[in-house]
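Here is the structure we will look at.
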Amino acid sequence: MIIGLGIAAGCALGALTALMGVVAMAFPGRPRPWPAHLLRRSAWLAAASAAAVYSLGLSGVLAAEWAVGDGADSTPAPACRDGFAPATVQGLSHHRASYLPLGFDCVREDGSTYTSDPDYAWMNRTSAVLALSAAALAVGAGCAAELRARAAAR
Numbered sequence: 001m002i003i004g005l006g007i008a009a010g011c012a013l014g015a016l017t018a019l020m021g022v023v024a025m026a027f028p029g030r031p032r033p034w035p036a037h038l039l040r041r042s043a044w045l046a047a048a049s050a051a052a053v054y055s056l057g058l059s060g061v062l063a064a065e066w067a068v069g070d071g072a073d074s075t076p077a078p079a080c081r082d083g084f085a086p087a088t089v090q091g092l093s094h095h096r097a098s099y100l101p102l103g104f105d106c107v108r109e110d111g112s113t114y115t116s117d118p119d120y121a122w123m124n125r126t127s128a129v130l131a132l133s134a135a136a137l138a139v140g141a142g143c144a145a146e147l148r149a150r151a152a153a154r
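Heads up: the sequence shown at position 102 corresponds to 102 in UniProt numbering, and the numbers run straight through without jumps.
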């Protein structure tokens, strides 16, 4: 768990560094052509932020997975039992951990399932939106560089 939190902290530090690069574009003395640099730095910011959010969720899934079978009343995963009504948890037999997307499928004895902690849903959505934004910004930076090269060739 410490490793997962360390990775999340490292990604968050990378996101803050990238954020400072984006903010630096607002000050005088910025590199030219500044739109291409801004797109590139924003892409790095979005990618680092996506990695930070995903690794935070991943460390949560791994911690819950490691807690299974570690003492009395530890099976199935606490993520499937904690915070749910007793009627929901009744008949719980096992769980299935998922790392992409993050979360747990909690399986009852009759075969029906329910999803665990709703915090994983926002982590999945946020990391997906940030990753797609990073890809779009990187493509935009590439297109801007291509257009600039074509204009210079004329």
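Ideal placement from N, C-alpha and C gives every residue a C-beta, glycine not left out.
Taking the alpha carbon of L102 as the reference point, which residue from A145, A141, R30 and E65 has its own alpha carbon closest?
Checked all of A145, A141, R30 and E65; the closest Cα to L102 is E65.
Short Cβ contact (8 Å threshold) for L45 with A18
In contact: L45 and A18 (Cβ atoms closer than 8 Å).
Compare the beta carbon distance of L58 and Y99 with 8 Å and say whether it is the shorter of the two.
Yes, these two residues count as a Cβ contact at 8 Å.
Considering L39, what are the terminal residues of the alpha helix (DSSP H) in which it resides?
Following the DSSP letters along the chain, one finds L39 inside the alpha helix (DSSP H) bounded by residues W34 to W66.
How close, in whole Å, do the beta carbons of V89 and R81 come, if the pair is a contact with beta carbons under 8 Å?
Taking 8 Å as the upper bound for CB-CB distance, V89 and R81 are in contact here, some 5 Å apart.
Whole-angstrom C-beta distance between W34 and M25, which should lie under 8 Å:
Between M25 and W34, the beta carbon gap of about 6 Å places them in contact (Cβ cut-off 8 Å).
Below 8 Å CB to CB, which residues in the same chain sit around W122 once its five sequence neighbours on both sides are set aside?
If we look at W122 and ignore the five residues flanking it on each side, it has no Cβ neighbours.
Contact between the stretch 127-142 and the stretch 107-116 is defined here as three or more beta-carbon pairs at a separation below 8 Å; is this criterion met?
With the cut-off at 8 Å, the stretch 127-142 and the stretch 107-116 do not touch.
I'd like to check one pair, C11 with A43: are the Cβ atoms closer than 8 Å?
No, the pair does not count as a contact, with Cβ atoms beyond the cut-off.
Going by DSSP in three states, S93 sits in which element: helix, strand or coil?
It is a strand residue.
Applying the criterion that 16 or more other CB atoms from any shown protein chain within 10 Å of the CB defines a buried residue, is L13 buried or exposed?
With fewer than 16 other beta carbons inside 10 angstroms of its own, L13 counts as exposed.
Considering only residues of the same chain and omitting the five flanking positions on each side of H95, which have a CB-CB separation below 8 Å?
So the list reads V68, P76, A77, A79, C80, F104, D105, C106, V107 and S116, once near-sequence residues are dropped.
Alpha-carbon spacing of A151 relative to A141, whole angstroms:
Cα atoms of A151 and A141: separation of roughly 15 Å, rounded to the nearest angstrom.
Nearest to S133 by CA position, among R40, G111, Y114 and S112, is which residue?
Distance from the Cα of S133 is smallest, within the candidate group R40, G111, Y114 and S112, for R40.
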